[in-house]
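Chemist: Using my numbering, count along the sequence shown one by one with no gaps and you end on 239.
Cβ coordinates follow ideal geometry from the N, Cα and C atoms, glycine included.
Given the structure is predicted, the values throughout are model-derived calculations rather than measurements.
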Amino acid sequence: MALSSGNRITNTRTFLFLILAWTGLLSVAPFSGNTAWSAEKTPEGVLSDLSRTFNRDKGFRADFVQHLTMPNGKPVLSHGSLVYRTPGKMVLNYSDPPGQILLLVGNRLAFYIPQNHQVLIKKMRSQHIPETPALLFASLGHLRRYFYIRPEQGGSVPVSGKYGLELIPRKPDRHLAVARIVVDMSTHLPTKITFDEFNGMEMTIDLKNLHPTPRLSDSLFKLVLPPGTTVVRTRQGF
Numbered sequence: 002m003a004l005s006s007g008n009r010i011t012n013t014r015t016f017l018f019l020i021l022a023w024t025g026l027l028s029v030a031p032f033s034g035n036t037a038w039s040a041e042k043t044p045e046g047v048l049s050d051l052s053r054t055f056n057r058d059k060g061f062r063a064d065f066v067q068h069l070t071m072p073n074g075k076p077v078l079s080h081g082s083l084v085y086r087t088p089g090k091m092v093l094n095y096s097d098p099p100g101q102i103l104l105l106v107g108n109r110l111a112f113y114i115p116q117n118h119q120v121l122i123k124k125m126r127s128q129h130i131p132e133t134p135a136l137l138f139a140s141l142g143h144l145r146r147y148f149y150i151r152p153e154q155g156g157s158v159p160v161s162g163k164y165g166l167e168l169i170p171r172k173p174d175r176h177l178a179v180a181r182i183v184v185d186m187s188t189h190l191p192t193k194i195t196f197d198e199f200n201g202m203e204m205t206i207d208l209k210n211l212h213p214t215p216r217l218s219d220s221l222f223k224l225v226l227p228p229g230t231t232v233v234r235t236r237q238g239f
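(1) Who does H219 pair with in a DSSP beta bridge?
(2) Could you say which of K59, L224, F65 and L168 lies nearest to V47 if we only look at CA atoms?
(3) By the DSSP assignment, the beta strand (DSSP E) with D64 in it spans what residues?
(4) For R53, does the three-state DSSP call read helix, strand or coil?
(5) Helix, strand or coil for F32, going by three-state DSSP, please let me know.
(6) Can you list, in chain order, the residues of its chain with a C-beta nearer than 6 Å to that of Q67? Leave out the 5 residues immediately preceding and following it.
(7) Name the one or two DSSP bridge partners that G81 has.
(8) Measuring alpha carbon to alpha carbon, tell me which residue in G107, P191, N94 and P98 is nearest G162.
(9) If we count the other Cβ atoms within 10 Å of its Cβ and call it buried at 16 or more, is H176 buried or exposed?
(10) So does the segment 224-232 actually touch the segment 105-125, counting three or more Cβ pairs closer than 8 Å?
(11) Mind checking whether S82 and D64 have CB atoms under 7 Å apart?
(12) What do you reckon, are the CB atoms on F61 and P228 nearer than 7 Å?
(13) Going by DSSP, name the residue or residues bridged to A180.
(14) Do you know whose CA, among V184, T87, V225 and S218, lies nearest K209's CA?
(15) Looking at C-alpha atoms only, which residue of T70, V77, I102 and P76 is the closest neighbour of V84?
(16) Any idea if K123 is buried or exposed, counting beta-carbon neighbours within 10 angstroms, 16 or more meaning buried?
(17) Output yes or no for whether 7 Å exceeds the beta carbon distance between E203 and T54.
(18) Taking all protein chains shown into account, decide if S1 is buried (16 or more other Cβ within 10 angstroms of its Cβ) or exposed.
(19) With distance defined between alpha-carbon atoms, name the residue in K172, N117, S187 and E198 nearest to R145.
(20) Contact check, K240 vs T87 under 8 Å by CB: the rounded distance?
(21) Considering only DSSP beta bridges, list what A111 is partnered with.
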């Protein structure tokens with residue numbers, strides 16, 4: 002099927018920004034329990050809490066809202082729902098743009114664009130940082146291998162109970178300059194992630210209505226393509 006240049010550029014840009022900017026997507030949410038937090042907390046302690054939560058619950062469902070700001074461009078808003086299961090499987094179903102699906106299984110990615118009857122497939126090969134949300138989730142216990150991590154508030158927990166972390170790649174990365182994670186200290190789960198790219202792009206991801214879901218079917222992480230879908234494999238950025 003022939004694609005207009007406008008649709009091709011819009012959709013390939015959407016996929017590129019997901020791959021480059023989602024270096025650190027995490028989930029957020031109301032979560033049962035009232036875990037106490039102290040006025041002082043170390044980044045190591047916050048990451049340890051995050052890792053324990055993910056290891057305990059194994060899987061999550063959540064809604065997400067994505068804010069993308071381009072250099073000298075108009076902000077773009079998109080949203081949908083996601084499912085994550087350890088170790089390192091995630092699928093994002095977009096309601097806007099409608100029908101688009103991003104499947105992440107370890108370092109393999111597939112992005113389905115129904116508007117173009119096309120699925121883009123890529124294998125990530127970076128050895129410097131976890132390049133997908135799925136890999137980042139699987140690496141929570143040892144993020145310091147990949148990032149310098151520092152608190153945004155100097156280690157103090159604000160009255161809001163939200164603790165900010167900055168993640169700076171230990172080895173130079175072509176795209177990511179810094180990622181910022183805001184963690185709800187009462188749930189030990191993130192509430193907001195911001196990604197700053199060297200090209201001036203910024204993406205903020207908010208997730209809501211997270212539900213721990215220990216048992217998730219393998220079928221949720223399989224992409225079933227309708228007849229006539231074109232498969233495009235690439236080693237380069239989109």
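Modeler: Result, derived from the coordinates:
(1) The residue you asked about is not His; residue 219 is Asp in the sequence shown. Beta-bridge partners of D219 (DSSP): none assigned.
(2) Residue L168 is the option with its Cα nearest to V47.
(3) Following the DSSP letters along the chain, one finds D64 inside the beta strand (DSSP E) bounded by residues G60 to T70.
(4) R53: helix per DSSP, three-state reduction.
(5) Annotation note: pLDDT 36 at F32 (below 50); position unreliable, no value reported.
(6) Correct list, in chain order: S79 and I206.
(7) In the DSSP assignment, the residues bridged to G81 are F65 and Y95.
(8) Of all alpha-carbon atoms in G107, P191, N94 and P98, the one lying nearest the alpha-carbon of G162 is that of P191.
(9) The residue is buried, with at least 16 neighbouring Cβ atoms inside 10 Å.
(10) Touching, per the Cβ criterion.
(11) Their beta carbons are under 7 Å apart, which means S82 touches D64 by this criterion.
(12) Their beta carbons are not under 7 Å apart, which means F61 does not touch P228 by this criterion.
(13) Listed as beta-bridge partners of A180 by DSSP are L168 and F196.
(14) Minimum Cα-Cα distance from K209 among the listed residues V184, T87, V225 and S218 corresponds to V184.
(15) The shortest C-alpha separation from V84 is found at I102.
(16) Buried, since its Cβ has 16 or more Cβ neighbours within 10 Å.
(17) The beta carbons of E203 and T54 sit no closer together than 7 Å.
(18) Here the chain covers residues 2 to 239 and nothing more, so residue 1 does not appear.
(19) R145 has its Cα closest to that of K172, out of K172, N117, S187 and E198.
(20) Absent from the structure is residue 240, since the part of the chain shown begins at 2 and ends at 239.
(21) Partner(s): L104 and I122.
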